[in-house]
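Only one structure is covered here, and it is reproduced in the block below.
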Amino acid sequence: MSTSAAASPPVLEVENLSISYHDGIAHHRAVHDVSFRIEPGEVVALVGESGSGKTTTAQSIIGLLQANGRIDGGSIKLNGTDIARWSDRQLDVVRGAKISLVPQDPASSLNPVKTIGAQVSEILRIHGAASGHALEAQVISLLERVGLSEPALRVRQYPHELSGGMRQRVLIAIAVALKPQLIIADEPTSALDVTVQRRILDLIDELRTEFGTSVLLVTHDLGVAADRADRLVVLQGGRVQELGATKIVLAAPRSAYTRQLIADAPSFSAVARKTPATAREKAAPSDNDVVIVDGLVQDFVRPDGDGKPFRAVDGLSFRVRRGTTHAIVGESGSGKTTSIRAIVGFQKPTAGRIEIDGTDLSQLRGETLRQFRRKIQLVYQNPYGSLDPRQTVFDIVAEPLLNFGRLARPAREAKARAILSRVGLPEAALSRRPHALSGGQRQRVAIARALVLDPDVVVLDEAVSALDVTVQARILDLLDELQHDLGLTYLFVSHDLAVVRQISDTVSVLKDGRLVDGGAVEDVFERPGSDYTRELINAIPGQNRAALV
Amino acid sequence: MTTFDTIHDDVIASGRGQRTGRRLSLPLLMRRLPPGLVLSWLVLGIAFLWAVAPWLFTSYNPLEGVGGEQLRRPDAGHLLGTDALGRDLYARIVYGAVHSLAGAFVAVALGLVIGIGLGVVAGSVRRRLDDAIMRLVDVLLSIPPLLLSLSVIILLGFGTVNAAIAVGLTSVAGFARLARSEVVRVRRSDYVEAAFGSGGTFSAVLWRHVLPNSLTSVLGIAALQFGSAVLQISTLGFLGYGAPPPTPEWGLLIAEGRNYISTAWWLTTAPGVVVVLVVLAANRVSQSFGKVAA
Amino acid sequence: MSGYLLNRLGQALFVLWAAFTISFVLLQAMPGDAILIKFQNPELGLNPQQIANIRASYAADSAIWVQYVQTIGRFSTGNFGYSVQAGVPVSTMLAAHLPATLKLASLGFVLAAVLAVAIAFVSSLTPFAWLRGALQSVPSLFISIPTFWLGIMLIQIFSFRLKLVPVINPGPWQELILPVVTLAVPISAPLAQVLVRNIDDVLTRPFVAVARAKGATRHWVLWRHVAKNALLPTLTIAGVLFGELIAGAVVTETVFGLNGIGGLTERAVGSQDAAVLQAIVVLSALAFVVINLIVDLLFPVLDPRLRTKAGATA
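Residue numbers (this note's numbering), protein chains in the order written: chain V, 25 to 573; chain S, 43 to 336; chain D, 4 to 317.
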């Protein structure tokens with residue numbers, strides 16, 4: 025925490041900032057009277073869910089609001105000078121030199137047709153900081169500083185030749201190139217795997233200390249903010265809900281919204297968000313395994329056709345007891361999605377045996393496979409993509425019943441209505457189409473569709489990952505309630521260990537298609553059986569607070 | 043930007059004016075409709091009425107001239123003047139609408155039906171047939187459209203219907219390719235997989251999900267193709283391969299007016315302006331379909 | 004890479020062969036027999052025996068598949084047969100008419116490209132919303148104008164009204180001004196539409212925001228980041244533009260009375276001269292195939308993403 029505040033003016037002082045967007049008819053206010061300040065060398069986190077106005081606020085500071093956005097009032101003071109109404113030409117001098125940006129998505133934030141070297145040297149060239157050989161040397165030393173191996177090689181490479189984490193390092197190199205006073209990091213790691221996320225945040229921290237730069241960290245993840253920020257600004261609906269030193273806000277939140285946010289953040293809650301497995305379940309005999317996966321192997325032919333096939337899943341085995349939740353955990357490319365596609369019968373495994381409720385999947389074809397599908401249902405990650413935009417909610421939920429047309433129309437309707445109210449959707453939503461629903465509501469519809477056939481097993485493929493944390497908490501509550509009432513078995517696929525710890529009974533950890541760890545969730549978390557699992561657990565953000573409380 | 047996905051998850055999302063059209067009040071709807079679009083519908087509506095009931099719009103005979111009224115400049119009596127035989131140009135344009143529009147309609151319908159048929163089959167079946175159809179489409183695309191329609195005209199002979207068929211065949215490849223790519227796109231979507239996952243049969247999923255979702259944008263393109271077909275048919279008419287004289291087909295009107303280019307400017311100008319307006323209107327309407335679909 | 008090249012060449016040859024077959028079926032199976040039309044004319048005073056001899060010399064009476072095989076053999080050696088109407092080899096006719104069309108088409112294409120690029124870039128750089136709106140509606144206007152009518156209107160306005168371009172005895176370049184403009188308009192329209200759409204699309208990508216955040220001006224971003232990303236995909240419509248170019252040439256040469264391939268095509272259709280039209284169709288298909296082949300081979304050179312296979316994993 026900065027104590028020199030009195031001596032030097034704050035790097036950034038935002039006062040009563042109001043921003044609105046024009047949607048073609050009228051202006052809609054997205055940010056209302058937001059005020060906060062950032063002292064030299066300080067990290068301030070703007071925390072909020074989607075629609076909170078955090079990104080809009082950050083964009084306005086660097087003068088890069090979307091074309092239909094405008095600042096209605098208030099001031100943005102950089103070192104005491106109000107830049108809120110500066111022209112592009114005035115701001116061009118400040119951007120990059122005094123304020124810089126680390127963007128959200130490293131995959132699309134670098135120009136695909138220019139080399140890494142050209143894109144890093146560009147910022148130096150624009151501000152006339154270096155030229156010729158000095159320029160080249162400086163670019164290489166910058167790339168080296170952000171931890172890229174073989175910087176001389178990277179200079180000549182194109183973005184697609186680098187991994188996501190490496191690209192984000194390049195973007196950080198660009199952001200720190202001119203040692204700016206303020207770096208705006210807009211969700212800098214939300215597109216990255218957890219272990220990479222941790223290393224990138226460490227790097228930002230390190231460079232900040234080295235250069236004495238202030239950081240405005242925009243994030244939806246309270247855990248990340250708790251770990252990294254000196255002070256928090258909690259936004260909701262474009263208004264500041266709470267503002268203060270991180271430790272104080274987390275220990276004694278004053279606003280109801282912040283309390284909700286803290287309670288719902290999976291990385292903070294020590295208690296499991298789950299009805300504990302009853303003695304009955306724990307004691308159930310092992311022949312009560314409803315999902316048996318044994319030596320699952322899945323090969324893919326490489327698209328370029330040469331070389332041997334790519335092995336996405338290599339010898340995966342696990343069993344899931346009826347009425348429990350089994351989590352499959354891994355980072356991108358670990359083979360978790362491939363595995364569950366084989367388990368729900370969308371894809372024939374190369375080798376291995378999958379048995380669902382006593383049925384061996386490899387024996388199923390055509391109509392028998394279709395009949396089997398009522399036993400196991402899948403809920404997708406993205407509720408926007410998994411619901412047909414042209415159907416009404418009622419049609420979506422009633423369709424599976426139609427497919428197995430045993431019920432007459434009135435019975436079908438009654439069943440669909442019952443299941444919709446069971447997942448907590450209002451009657452009024454029945455005639456709506458998916459685009460008129462919120463993300464949480466859409467996922468409820470997807471869950472209702474999965475449950476309407478009374479399946480034994482529900483596979484949840486990152487089913488809560490795309491949701492805001494408070495919405496996510498409600499959906500997790502719903503899932504738990506449904507499991508308890510209907511005796512469902514869940515296969516829960518996730519990259520988020522904090523959520524997994526909350527809701528699952530058993531867990532399999534996958535890396536590069538292989539099972540590296542598995543067993544009861546408490547055992548795996550307390551006594552990880554592999555270095556990789558340990559690394560994953562350590563990378564869960566928000567542990568500073570966990571230690572603090 | 044203004045969608046709040048917060049604790050009040052169950053409050054219907056309000057945002058970005060995404061409500062469906064049905065729930066809009068009429069004044070609001072009027073305010074939201076761009077004037078250009080309204081004008082475009084108006085132009086197409088008038089052209090359509092010209093085609094179905096031309097006698098409502100003019101009392102002159104389009105085929106028989108009046109002696110002594112040759113090559114009159116536009117005035118109150120003859121809104122757009124008269125031609126070398128004393129025929130009222132406005133009447134000829136009104137009566138000509140049916141030839142140009144019906145021709146374009148036949149052309150688009152032909153292209154649409156064959157193209158969608160090929161595209162949907164290619165997009166939904168196994169690789170062999172898909173490959174065969176798409177190679178055929180490649181071949182059709184490799185012959186410049188005008189040359190393809192000229193070849194068809196040599197085969198079938200001159201005439202309105204033959205010109206329409208010739209133009210229609212040139213759009214088959216484009217429609218097929220678009221329909222296939224849309225079907226493939228929709229088939230890859232999660233909701234189609236989910237429909238199979240909930241026990242849908244191939245034909246049920248195709249009928250309930252794939253066709254409705256993939257054909258929306260194809261129909262949007264059909265409106266665009268309509269404008270283009272009007273242009274192509276008038277071009278064939280101008281070259282003399284369409285309707286024979288004295289049919290007042292728009293392209294032919296311009297070709298006939300060309301002989302008086304130095305003395306009677308209205309003979310070429312007026313029909314051309316009408317063609318441009320109709321094509322512009324069709325394109326504008328097609329664009330609005332595209333937005334709805336997206 | 005060489006496997007890809009061979010595969011691509013094979014595809015091109017297949018398309019060419021199929022295009023030939025389609026044109027053969029369309030044009031040789033025609034009911035109107037060009038030879039009968041021409042030589043049965045009583046004014047020529049030929050007796051049936053002479054007509055039969057002429058027919059034999061054109062191989063008009065052999066089985067259709069024999070004709071097919073013979074024609075494909077001739078075409079592959081560059082012999083396109085005789086024009087029944089003109090009585091000269093088709094290749095001679097093509098050679099005589101090609102230079103005028105090449106000149107017209109190349110000038111028209113260059114003007115179209117200049118127009119399209121100007122429309123797209125000026126409209127995205129201008130600070131005035133009205134100018135932007137006006138410029139962006141130009142392509143949809145251009146695409147709605149019948150080419151033949153545009154030519155006539157240009158003659159009417161510039162030659163007869165303003166008397167800027169002489170109609171009688173124009174110089175070799177003067178003669179080309181109006182045709183080139185006429186041809187350029189319909190070709191510039193799709194090009195400009197694609198460019199405008201691409202530029203708008205690229206401007207919303209995050210790397211543009213990153214470039215602005217470096218302190219780059221709008222001009223800098225447009226030229227150094229947007230231009231190449233927006234121009235690359237326009238290569239894919241090269242084939243479509245070629246089709247437009249052919250259609251434009253036929254109409255423009257007819258309207259302006261130029262003696263090129265377009266005019267030749269128009270007359271060939273009028274007199275049902277199938278041999279000439281088939282040669283033109285097959286040669287256009289060849290040009291189309293070659294253009295697309297060049298584009299496909301050019302892409303990896305211009306786009307680094309297609310040069311190396313997969314991204315490194317780290």
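Note that CB positions come from ideal geometry on N, CA and C, so glycine has one too.
Member of the options whose CA lies at the smallest distance from the CA of residue i
{"i": "Lys106 of chain D", "options": "D:Leu238, D:Pro182, D:Thr24, D:Asn82", "result": "D:Pro182"}
{"i": "Thr150 of chain D", "options": "D:Pro130, D:Ile190, D:Ile283", "result": "D:Ile190"}
{"i": "Gln181 of chain V", "options": "V:Tyr408, V:Asp555, V:Ala154, V:Ala142", "result": "V:Ala142"}
{"i": "Arg77 of chain D", "options": "D:Pro92, D:Trp226, D:Ala252", "result": "D:Pro92"}
{"i": "Asp106 of chain V", "options": "V:Ala121, V:Glu39, V:Leu70", "result": "V:Glu39"}
{"i": "Val284 of chain D", "options": "D:Val298, D:Val304, D:Phe245, D:Ala216", "result": "D:Phe245"}
{"i": "Leu253 of chain D", "options": "D:Leu16, D:Gly154, D:Thr95, D:Val87", "result": "A small correction: the amino acid at residue 253 of chain D is Val; Leu does not occupy that position in the sequence shown. Selected option, being the one with the closest Cα: D:Gly154."}
{"i": "Leu103 of chain S", "options": "S:Ser304, S:Pro290, S:Arg300", "result": "According to the sequence displayed, residue 103 of chain S carries Asn and not Leu. Residue S:Pro290 is the option with its Cα nearest to Asn103 of chain S."}
Residues bridged to residue i (per DSSP)
{"i": "Pro169 of chain D", "result": "Answer by DSSP bridge pairing: none, since Pro169 of chain D is not bridged."}
{"i": "Ile95 of chain V", "result": "V:Ile43"}
{"i": "Lys535 of chain V", "result": "V:Arg538"}
{"i": "Gln322 of chain V", "result": "V:Val337"}
{"i": "Arg53 of chain V", "result": "V:Ser44"}
{"i": "His350 of chain V", "result": "V:Leu515, V:Thr530"}
{"i": "Ala544 of chain V", "result": "V:Thr530"}
{"i": "Arg255 of chain V", "result": "V:Val68, V:Ala269"}
{"i": "Lys101 of chain V", "result": "V:Glu37, V:Asp106"}
{"i": "Ala375 of chain V", "result": "V:Val321"}
Under 7 Å from the C-beta of residue i: neighbouring residues of chain C
{"i": "Asp306 of chain D", "result": "Looking at the structure shown, chain C is missing, and the protein chains on hand are V, S and D."}
For residue j and residue i, believed in contact at Cβ under 8 Å, the rounded distance
{"i": "Ala205 of chain S", "j": "Tyr283 of chain S", "result": "6 Å"}
{"i": "Ser518 of chain V", "j": "Glu486 of chain V", "result": "6 Å"}
{"i": "Thr270 of chain V", "j": "Asp254 of chain V", "result": "6 Å"}
{"i": "Ser26 of chain D", "j": "Ser193 of chain S", "result": "6 Å"}
{"i": "Val321 of chain V", "j": "Val531 of chain V", "result": "Actually they are not in contact, since the Cβ atoms of Val321 of chain V and Val531 of chain V sit about 21 Å apart, beyond 8 Å."}
{"i": "Val344 of chain V", "j": "Asp313 of chain V", "result": "6 Å"}
{"i": "Ala116 of chain D", "j": "Leu29 of chain D", "result": "Going by Cβ atoms, the distance from Ala116 of chain D to Leu29 of chain D rounds to 33 Å, so no, they are not a contact pair."}
{"i": "Pro127 of chain V", "j": "Asp57 of chain V", "result": "Contact flag wrong, Cβ pair sits at about 27 Å."}
{"i": "Arg115 of chain S", "j": "Gly123 of chain S", "result": "5 Å"}
Close Cβ partners of residue i (< 8 Å) along its chain, the five nearest in sequence each way excluded
{"i": "Ile564 of chain V", "result": "Val218, Gly247, Ser291, Leu521, Ala522"}
{"i": "Leu227 of chain V", "result": "Val170, Gly171, Arg193, Ile196"}
{"i": "Ala176 of chain V", "result": "Ile164"}
{"i": "Arg446 of chain V", "result": "Ala472, Leu475, Leu506"}
{"i": "Thr64 of chain V", "result": "Before going further, note that residue 64 of chain V is Pro rather than Thr in the sequence given. Only Ser26, Ser28, Ser32, Pro34, Val35, Gln205, Gly236, Ser238 meet the Cβ criterion."}
{"i": "Thr383 of chain V", "result": "Phe396, Lys399"}
Cβ neighbours of residue i in the same chain (closer than 6 Å, five flanking residues each side left out)
{"i": "Ala271 of chain S", "result": "Ala146, Ala149, Val150, Val209"}
{"i": "Gln274 of chain S", "result": "Val209"}
{"i": "Gln267 of chain S", "result": "Val150, Ser213"}
{"i": "Ala214 of chain D", "result": "Val224, His228"}
{"i": "Leu160 of chain S", "result": "Ile175, Ala218"}
Same chain, Cβ closer than 7 Å to residue i, five either side skipped, listed in chain order
{"i": "Ser86 of chain D", "result": "Val93, Met96, Asp276, Ala278, Val279"}
{"i": "Ala89 of chain D", "result": "Met96"}
{"i": "Pro303 of chain D", "result": "Leu309, Arg310"}
>> Please list, in chain order, the residues of the stretch 140–152 of chain D that have any C-beta partner in chain S closer than 8 Å.
In response: Ser143, Leu144, Ile146, Ser147, Ile148, Pro149, Thr150, Phe151, Trp152
> Mind listing which residues of the stretch 355–387 of chain V have their C-beta closer than 9 Å to chain D's C-betas, in chain order?
Replying inline: Gly357
>> Any C-beta of chain S within less than 8 Å: which residues of the stretch 244–260 of chain V qualify?
In response: Gln260
>> Residues of the stretch 139–151 of chain V in Cβ contact with chain D at a cutoff of 7 Å, in chain order, please.
In response: Glu146, Ile147, Ile150, His151
>> At a CB distance below 8 Å, what residues from the stretch 198–223 of chain D approach chain V? Give them in sequence order.
In response: Arg208, Pro209, Phe210, Ala212, Val213, Ala214, Arg215, Ala216, Lys217, Gly218, Ala219, Thr220, Arg221, Trp223
>> Any C-beta of chain V within less than 8 Å: which residues of the stretch 235–263 of chain S qualify?
In response: Glu235, Ala236, Ala237, Phe238, Gly239, Ser240, Gly241, Gly242, Thr243, Ala246, Arg250, His251, Pro254, Asn255
>> Taking beta-carbon pairs under 8 Å, can you tell me which members of the stretch 231–261 of chain D lie near chain V?
In response: Lys231, Asn232, Leu235
>> Please identify, using Cβ separations under 8 Å, the residues of the stretch 93–113 of chain D that lie next to chain V, in order along the chain.
In response: none
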